[in-house]
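So the mapping is simple: our numbering equals the position in the sequence shown, first residue as 1, plus 1009. Glycine is no exception: its CB is placed at the ideal position from the N, C-alpha and C atoms. Here the structure is a predicted model, which is why all the values come from computation and not from measurement. Okay, structure first, notes after.
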Amino acid sequence: MALTVYETTSGSSLSAAEVSLLIDAAKTYGRATLLVASFAERERCRATLARAGAGMGIDVATPATLVAGLWELLGDGRRIATPIERRMLMASIVAASKPEELAPLRSNPGTVRLLADIAAALLPAIVPGPALEKEAPVASSDAERVVFGLVERYAAALAERGLVEASEAACLLARIVGDGRPACARFVAVRDVTVLPAHIMQLVRSISHAGDAAFLLNTQQVSLARSLGAQEVVALGEESAPDAAPAPTFVEAAGPHVRAAAYADAIAELVGEGRDVVVAAARPADAFEAVSERLAARGIACEAPVSCRFGDTQVGCQFTALLDLAGRMQEAGESLERADLWWPAPELTDWLYSPLSGVDAFAARRFDKKLRSNRALGPEGVLRALQGVQTQAEASRKKLDPANPYAQVPAVCSSVVSYLMQDRSVSALKALCTVASALPGSAFGWTGGTVRANIEVTMAARAIELVLDQARALDVPQAAAVSVLDMLSVTAAARSESADFAHTGPDGADTSAQPVVRFMTLADAALLDAGSIDALFVADVDIDSFPLAHKEGPLAELASAFSFAPVELEPAARMRDLMARAMAAARGEVVLARVTHDRQAKDRYPAAIWTELLARQRAAGVAPRVRMVGEGDIVRDLDPAATAHMKRRRVSCLPPQSLGEDAVPYLVLYRRDPKDPERLVPRQLSASQIESYASCPLCWFMSSRVRPASLDAGFGNMEKGNFVHDVLYRLHERLIEDGVPRVTERNLDACIEALREVFDEVRAEHERNKTSSSGALVPHGALQRVQVDEILPQLEGVLRYEAGALAPFAPVYLEYSFNELGVEYAGRPLGGRIDRVDVDAENRAMVIDYKHRSDVNAFKLADPTVAKKDGTVPADDPDWLPEHTQTLIYAQALRRSELALDARGGIYFATKGSKPAMRGAVSEEFAEQEPGDGRVPGLAAGFPDVEHGGTMGFEALLDRVEETISRRLDELEAGVVTAAPMPAARCSFNHDLGFERRNA
């Protein structure tokens, strides 16, 4: 009648002494139970007992099956709740609670998980019940009060459904066993169970009081005896300890890029001529994915168990993402003010790219462009667009040959989203299951695609069962069931065959009897019989894969407070035990491998067992065998076949910011003629492109030829500038139609009233994405709407400024285009458009370019023939150019156009802020001489600036700028795209996009 702790010398299998102990206990008590940690170990122990002739009278169970078996015999008729049922009930309870009832907790999946874990482990301590004869604990904080209340509601929900928590059942069984009633619970031996929850310990101690209980601990586990409160540890049997495992070899890969190659080389070396090799890893499926293709190229097959959780499958990933998106779209509705809750919806593009949507990648790209370039699209518009994609896919499928593997695959891209928007989760899952069943295995990858396809179908079917059947049986809302789908998992066996060329020897003989490398967890490798494999490879032996931390948090704190904490072996001792037994399974070499640095070249620290094994070898006077593998051979590291059958050639690259001679004609000033692709024709350059090249050739090349662009329509300065351009264009067009040639002090009030009407019209058009501009201004949210509101008073200030500026002139040409005029500038065809050209009665013209920015002084231009303070004269530099040349280029072009205007100024009109203004270059007669004189307010000097000794007139300025630009364009034609010697602030937007050579 006691609890005895035995120290054994056994390894993975039961020793003869352990078998003898169990046989004796079965004879004494009529029945004995052996408690083990896992189902795999249970089957192994059953086989050992059967071989020893002790299969009868001895049960082998895990902690969960022990409680379930005893409860079925001795319980009160209630059924033990499963983990999924527990989570669903708790999710429904939390969802039904008001926020004020949950405070300080919040209703989210993390809270539900924590509460479910607390209920599973501590329900008997929080809600003792009459049979346990304990008092309920008193909450010491608001959080504890809420937690206790929710667990009580959970206990009531269990009772209503005829369910019981396993921990409560174990505590009730402990009372029954303690009373000595059942004859089937008189002896239990605990072997290799390193974590014993408190309720299991209560049951085991009750059995020890009624009969006997034994803990069978090997050398590495014997420290657990202290936690069990054992006064002494009894040696069991006199078998000699198993032979020490061979000293391991250590492989250190310098970084993640060489990880797969280094591991594959080491494993292939272990396999040699066909040896049996096991790869142990914390995540065997990941290790399999990394090296199986490389091993296949070397003629080595691989097998690995693949366990996928709901979120790891495409069904789960897409369903979860779309469900979240649908919820946000429902919350936002059609209101643009709340569109920031869901737009630009990258989840939809990811969904269309998925094979489960039933559409192809081309349709996904086209939809992505349509959605992300239109901020005015609401949920209804998105659903219509998706329906269009689905209809087109269905029509194209009907045209396929019946033998085509995709002929019977339905398109459901719109249906699934619509179902989720209607809260029809089961219908969405059924649609996903239908597509997954119809898709060929290759849709999920050429390697292992069939296995992945089966996993997807199985996962979809299990999700339907949970949401439809289990939720109905538990009487919980479907939403609660959907929230626990992440608990679902599907297990399959993955296998990679060797590459085709490895199956056939040089004489054509079949060599398909290839070696197979098995991947498993370290715990599974520890269950292998000693000396049962040829070699062992342990992957990723670092602290991330094999941590030694104890679990901390509210659950651990409450368990400690209730004296209901589990009894567990120290993590370091557990790691030593697993590693020792796994290494003992190898007859030959053992290799431990890890990656020493991450992608940012930061250190990745080894696991404690790595350091310990190294230190143990050094203490024994043995020099550790450590093999370092660097990342220098980039090609070999990237090629799965390790460059076998591959020719390698080193090529030289052009210097940074250089274009090859063959590329220059096509990338700079010429393009292929659409009518005759063999013929090159000159490109039209706009004034803004010319200005960009003149200021920084590299910026021009990146923005005009590489042309990187944001995926999403924006709400920034560009869109605001487009909006202002549209408003001012529409305003002046309407004023001209109404017979109002220009804004003056007399008609200012009427013009402002017209501005307000136009502003509202253009605003409504932009919000519907109905604009000819490159980007509409569509506000999402109240803050952005306020920013649009702020533009109107700024434009009213623009009209007030305009009323007193350039009195003789009136807007005549609005958004004037040069594309079809055949005008040349600097010897090259000129295109583009200018915002506005004002003309007076003498056919003199002012070129005006709107700039929606407030720093108007950036556009100032002084006569370059006037000496600076340091005595230098800018015009003496033959390459002198103003920073801003756009209006000057168009002013010169107007002189040569069919309009034959006498250009007298190139002006930039700043429209942002409280002080709009015009700056730039004008003929001297239009510079302001005194306030309110009807010239350009605030522009004190013109061309030439006679007052300061200047001699360059406006026409001379235009000619000088064109002459210099002509030389710069000659450089462009030669392929010069180097960065400016002194980069401007705006260069930072383009220079970081490339042209920087980096070491591999």
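Could you tell me whether the stretch 1373–1392 touches the stretch 1336–1352, where touching means 3 or more Cβ pairs closer than 8 Å?
-> yes
So, do the stretch 1410–1426 and the stretch 1812–1829 have three or more beta carbon pairs nearer to each other than 8 Å?
-> no
Below 7 Å CB to CB, which residues in the same chain sit around C1442 once its five sequence neighbours on both sides are set aside?
-> V1466, A1469, A1470, I1473
Beta-carbon separation (whole angstroms), G1505 vs A1310, contact threshold 8 Å = The sequence shown places Ser at residue 1505, rather than the Gly named in the question. Their Cβ separation, rounded to whole angstroms, is 6 Å, which keeps S1505 and A1310 in contact under 8 Å.
Since I believe G1840 is in contact with D1693 (beta carbons under 8 Å), could you give me their beta-carbon distance rounded to a whole number of angstroms?
-> Correcting the residue identity first, residue 1693 is Gln in this sequence and not Asp. Confirmed, Cβ separation roughly 3 Å.
Mind pulling the beta strand (DSSP E) runs of 3 or more residues that sit fully within the stretch 1226–1314?
-> 1242–1244, 1258–1262, 1286–1289
Select from A1056, D1126, A1129, L1159 the residue whose C-alpha is nearest the C-alpha of P1107.
-> Contrary to the premise, residue 1107 reads as Lys rather than Pro in this sequence. Ranking A1056, D1126, A1129, L1159 by Cα distance to K1107 puts L1159 first.
DSSP puts I995 in a beta bridge; with which residues?
-> The structure shown does not extend to residue 995, since the chain spans only 1010 to 2009, so no value can be given for it.
Distance CB(L1531)-CB(L1233) smaller than 8 Å = no
Cβ-Cβ separation, T1874 to M1961 (assumed contact under 8 Å), whole Å = 5 Å
4 or more residues per run - each alpha helix (DSSP H) lying fully within the stretch 1747–1792 | 1757–1776
Going by the CB atoms, is the gap between A1936 and A1926 shorter than 8 Å?
-> no
Give the range of the alpha helix (DSSP H) segment to which E1700 is assigned.
-> 1696–1704
Is there contact here, the stretch 1337–1349 with the stretch 1782–1801, by at least three beta-carbon pairs under 8 Å?
-> yes
Kindly list the residues whose CB is nearer than 6 Å to the CB of A1871, restricted to its own chain and excluding five residues on each side of it in sequence; keep chain order.
-> none
In terms of residues, what are the limits of the beta strand (DSSP E) holding Y1428?
-> Segment 1422–1430 is the alpha helix (DSSP H) holding Y1428; no beta strand (DSSP E) there.
To which residues of the same chain is R1777 closer than 6 Å at the C-beta, ignoring the five residues directly before and after it?
-> A1385
Cβ-heavy atom distance between S1029 and the ligand NAP below 7 Å?
-> Looking for the ligand NAP in the displayed structure turns up nothing, as the structure carries no ligands at all.
Compute the distance between the beta-carbons of T1652 and R1645, then report whether it is under 8 Å.
-> yes
Between which two residues does the beta strand (DSSP E) harbouring M1927 extend?
-> 1926–1931
Does the beta-carbon of V1243 have 16 or more other beta-carbons within 10 angstroms, so that it is buried, or is it exposed?
-> exposed
Pairwise C-alpha distance: S1405 and S1366 | 15 Å
Verify whether the separation of the beta carbon atoms of P1449 and P1414 is less than 8 Å.
-> yes
Could you check if M1855 is buried or exposed, using at least 16 other CB atoms within 10 Å of its CB as the buried criterion?
-> buried
Would the beta-carbon of A1602 fall within 8 Å of that of V1550?
-> yes
On a CA-only basis, which of V1797, E1340, E1343, S1712 is nearest G1725? Give me that one, please.
-> V1797
Tell me whether T1513 sits in a helix, a strand or coil according to DSSP, three-state version.
-> Bear in mind that the predicted position of T1513 carries a pLDDT of just 47, short of 50, making it too unreliable to give a figure here.
Euclidean distance between Cα positions of I1127 and R1583 | 25 Å
Apart from the five residues on each side of it in sequence, which residues of its chain come closer than 7 Å, Cβ to Cβ, to Q1793?
-> F1724
Which value, in whole angstroms, describes the spacing of the CA atoms of P1820 and V1848?
-> 6 Å
List the endpoints of the continuous beta strand (DSSP E) containing F1546.
-> 1544–1547
Cutoff 7 Å; reference F2004; Cβ partners in own chain excluding five residues on either side | The predicted model places F2004 with a pLDDT of 46, which falls under 50 and marks its position as unreliable, so this point remains unresolved.
Using the Cα positions of L1279 and T1258, report the straight-line distance between them to the nearest angstrom.
-> 11 Å
Same chain only: Cβ atoms within 7 Å of P1633, ignoring 5 sequence neighbours per side | F1259, L1623, Q1626, R1627
Reference E1261; option with closest CA among S1507, E1640, L1395 | E1640
Per DSSP, C1317 forms a beta bridge with which residues?
-> V1499
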